[in-house]
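**Student:** Sharing a structure, written as structure tokens. Questions coming.
In the UniProt record's numbering, the protein residues as written are 1 to 452.
This is the structure in structure tokens:
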């Protein structure tokens with residue numbers, strides 16, 4: 001085994017799955033830590049695995065209870081690299097999805113390593129870190145993370161600081177060093193000298209800048225050397241996977257991209273889209289789909305709470321089933337963009353009940369997952385798209401899957417996957433988990449047609 005990872009949300013977990021699979025590795029994504037007997041019986045020939053989690057919505061106390069046993073269990077598989085996969089937009093705060101808390105736990109579970117590597121950039125996703133400051137694409141421009149409209153106004157973890165060292169310092173007392181872009185422009189002995197020079201200050205965490213694919217390749221090489229000394233715990237985006245794949249290719253341990261067989265998917269007759277996302281990107285995708293013949297059904301905020309009427313949910317499901325049976329593509333959505341009035345309605349209901357805003361992911365995602373399951377079974381669906389990083393994980397859990405394996409890429413960060421389930425009615429279902437920022441306006445129809 002080369003690598004295992006734990007994703008802090010489900011959409012990000014499939015992002016890492018895609019990076020490894022398209023790189024030429026055979027990897028599977030489990031919904032929970034796999035039983036060792038299951039792994040040895042069915043998947044021992046695989047190069048690695050991931051575990052899809054929901055820790056991005058957890059408090060530090062919940063993370064302590066949930067993640068310490070998870071990381072301890074992952075260590076028993078004896079992979080040279082164990083990756084805690086975070087979102088490439090560094091979604092976190094001291095109260096919710098604390099990356100600092102994860103690093104503190106990881107330092108105790110993996111005490112042999114001399115520092116914890118941290119890597120957020122991923123050029124293929126248009127995420128870059130330069131002198132510690134994180135940037136992301138907005139349309140045709142590239143902006144500092146704290147100036148990206150969706151990240152600045154994120155309903156749970158708004159981003160107010162682009163310097164990842166400053167942002168992270170609010171979550172942990174660990175010292176943070178930086179391997180900057182000028183260091184990464186060096187080669188050979190000089191690169192290693194700069195790397196060791198940064199470590200001379202004995203930082204608990206070493207953040208790596210990333211601006212180019214070449215930087216990723218060099219980072220992969222440096223971290224591979226560290227993993228030769230002791231099992232290595234790494235925190236970062238799917239840039240971690242891309243870094244190792246690029247290094248392994250350059251080292252001849254994996255075939256070059258040009259010699260890797262192209263993965264393709266067949267079109268399907270109908271698709272169900274289930275969206276708990278309020279991002280502008282998902283808003284544009286819903287609007288595009290509605291303008292091109294998809295049927296849209298708004299899911300009211302009341303349906304996620306106990307005071308939902310007895311007739312609201314059954315009638316909504318009946319309407320969706322009728323449309324699907326008639327051959328329509330259907331979108332169930334909770335909001336159209338970050339300014340939708342339903343967001344405030346949901347937040348007010350949460351406050352009234354004494355719940356945190358982070359609880360919306362489980363409330364909304366869980367109910368959407370139940371609805372999706374009913375429609376998959378009643379309409380005989382073969383392909384479903386889940387949109388929303390905070391909600392998709394809770395939704396997929398209601399489908400009773402135990403693993404996902406990539407079928408084909410659609411766009412970076414949103415691959416088409418095959419579901420494994422002990423329920424033969426669900427086993428083989430094709431699923432896409434899409435984060436809020438992922439995909440062009442016609443993304444849903446690309447998934448339906450199976451094209452990238």
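C-beta atoms are modelled at their ideal positions from N, C-alpha and C, and glycine is treated no differently.
1. Which whole-angstrom value is the C-beta distance of residue 210 and residue 239, which I expect to be below 8 angstroms?
2. For residue 452, name the three-state secondary structure that DSSP assigns.
3. Using 10 angstroms around the beta-carbon of residue 3, count the other beta-carbons present and answer buried if the total reaches 16, otherwise exposed.
4. Report yes if the CB atom of residue 116 is closer than 8 angstroms to the CB atom of residue 107, and no otherwise.
5. So, helix, strand or coil for residue 321, using DSSP?
6. In terms of residues, what are the limits of the beta strand (DSSP E) holding residue 420?
7. Are the region 131-140 and the region 61-76 touching by the rule of at least three beta carbon pairs closer than 8 angstroms?
8. Excluding five sequence neighbours on each side, which residues of the same chain lie with their C-beta closer than 6 angstroms to the C-beta of residue 74?
9. Which of the three DSSP states, helix, strand or coil, is assigned to residue 162?
10. Once you ignore the five residues that flank residue 100 on each side, which residues in its own chain have a CB closer than 6 angstroms to its CB?
11. Quick one: residues in its chain with C-beta nearer than 7 angstroms to the C-beta of residue 335, no 5 flanking neighbours on either side, listed in chain order?
12. Would you call the region 136-156 in contact with the region 259-268, where contact means no fewer than 3 C-beta pairs closer than 8 angstroms?
13. What does the alpha-carbon distance come out to for the pair residue 60 and residue 92?
14. Starting from residue 208, follow its DSSP beta bridges and name the residues at the other end.
15. Classify residue 21 as buried or exposed, calling it buried when 16 or more other Cβ atoms lie within 10 Å of its own Cβ.
16. Just tell me which of 36, 50, 388 has its CA closest to the CA of residue 44.
17. Does DSSP classify residue 430 as helix, strand or coil?
18. Going by DSSP in three states, residue 27 sits in which element: helix, strand or coil?
19. Does the Cβ-Cβ distance between residue 71 and residue 105 come in under 8 angstroms?
20. In the DSSP output, which residue or residues are listed as bridge partners for residue 134?
21. What residue from 359, 12, 371, 25 has the CA that sits closest to residue 399's CA?
22. To which residues does DSSP link residue 297 through a beta bridge?
23. Distance, Cα to Cα, residue 419 vs residue 270?
24. Quick one: what's residue 4 bridged to in DSSP?
25. Residues in the same chain with beta-carbon distance under 7 angstroms from residue 265, minus the five sequence neighbours each way, listed in chain order, please.
26. Can we say the region 351-361 touches the region 291-299, given the rule of at least three CB pairs closer than 8 angstroms?
27. Put residue 54 into one of helix, strand or coil per three-state DSSP.
28. For the pair the region 177-184 and the region 197-206, tell me if three or more CB-CB distances fall below 8 angstroms.
29. With C-beta atoms as the reference, is residue 389 less than 8 angstroms away from residue 9?
30. Under 8 angstroms by Cβ, that's how I've got residue 395 and residue 368 pegged, so tell me the actual separation to the nearest angstrom.
31. Strictly by DSSP, which residues pair up with residue 20?
32. Just checking my contact of residue 233 with residue 77 at CB under 8 angstroms: how many whole Å lie between their CB atoms?
33. Straight-line CA distance for residue 12 to residue 160?
34. Do residue 56 and residue 121 have their CB atoms nearer than 8 angstroms?
35. Which residues bound the beta strand (DSSP E) around residue 383?
36. Reducing DSSP to helix, strand and coil, say where residue 408 ends up.
**Tutor:** Taking the coordinates as given:
1. That pair is a contact at about 6 angstroms.
2. Three-state result, residue 452: coil.
3. Residue 3 is buried by the Cβ-count criterion.
4. A distance below 8 angstroms separates the beta carbons of residue 116 and residue 107.
5. Residue state, collapsed to three classes: helix.
6. Residue range 414-420 is occupied by the beta strand (DSSP E) that includes residue 420.
7. Short answer: they don't touch.
8. For residue 74, where only same-chain residues beyond five positions count, the Cβ hits under 6 angstroms are 4, 82.
9. Residue state, collapsed to three classes: coil.
10. Within its own chain, the residues whose Cβ lies closer than 6 angstroms to the Cβ of residue 100, once the five positions on either side in sequence are excluded, are 168, 171, 172, listed in chain order.
11. Non-local C-beta neighbours of residue 335 in its own chain, meaning closer than 7 angstroms and more than five positions away in sequence, comprise 278, 342, 343, ordered along the chain.
12. With fewer than three CB-CB distances shorter than 8 angstroms, the region 136-156 does not count as touching the region 259-268.
13. Rounded to whole angstroms, residue 60 to residue 92 spans 11 angstroms at the Cα level.
14. Looking at the DSSP output, residue 208 sits in a beta bridge with 119, 179.
15. Classification of residue 21: buried, given that the 10 Å Cβ count is 16 or more.
16. Here the closest residue by C-alpha is 36.
17. Correct three-state label for residue 430: strand.
18. DSSP places residue 27 within a strand segment (E or B) once states are collapsed to three.
19. In this structure, residue 105 lies closer than 8 angstroms to residue 71 by Cβ.
20. Paired residue(s): 129.
21. For residue 399, the nearest C-alpha among the options comes from 371.
22. Beta-bridge pairing links residue 297 to 332.
23. Separation of residue 419 and residue 270 (C-alpha to C-alpha, rounded to the nearest whole angstrom) is 17 angstroms.
24. Bridge partners of residue 4 according to DSSP: 49, 82.
25. Here the set comprises 407, 408, 416, 450.
26. By the Cβ criterion, the region 351-361 is not in contact with the region 291-299, since fewer than three pairs of Cβ atoms, one from each stretch, lie closer than 8 angstroms.
27. Coil, per DSSP.
28. The region 177-184 vs the region 197-206: in contact.
29. Yes, the pair counts as a contact, with Cβ atoms nearer than the cut-off.
30. About 5 angstroms separates the Cβ atoms of residue 395 and residue 368, confirming a contact at the 8 angstroms cut-off.
31. Residue 20 is not bridged to any residue.
32. Actually they are not in contact, since the Cβ atoms of residue 233 and residue 77 sit about 13 angstroms apart, beyond 8 angstroms.
33. So the two alpha carbons sit approximately 22 angstroms from each other.
34. Residue 121 is positioned such that its CB atom lies no closer than 8 angstroms to that of residue 56.
35. Counting along the chain, the beta strand (DSSP E) containing residue 383 begins and ends at 383-387.
36. Strand at residue 408.
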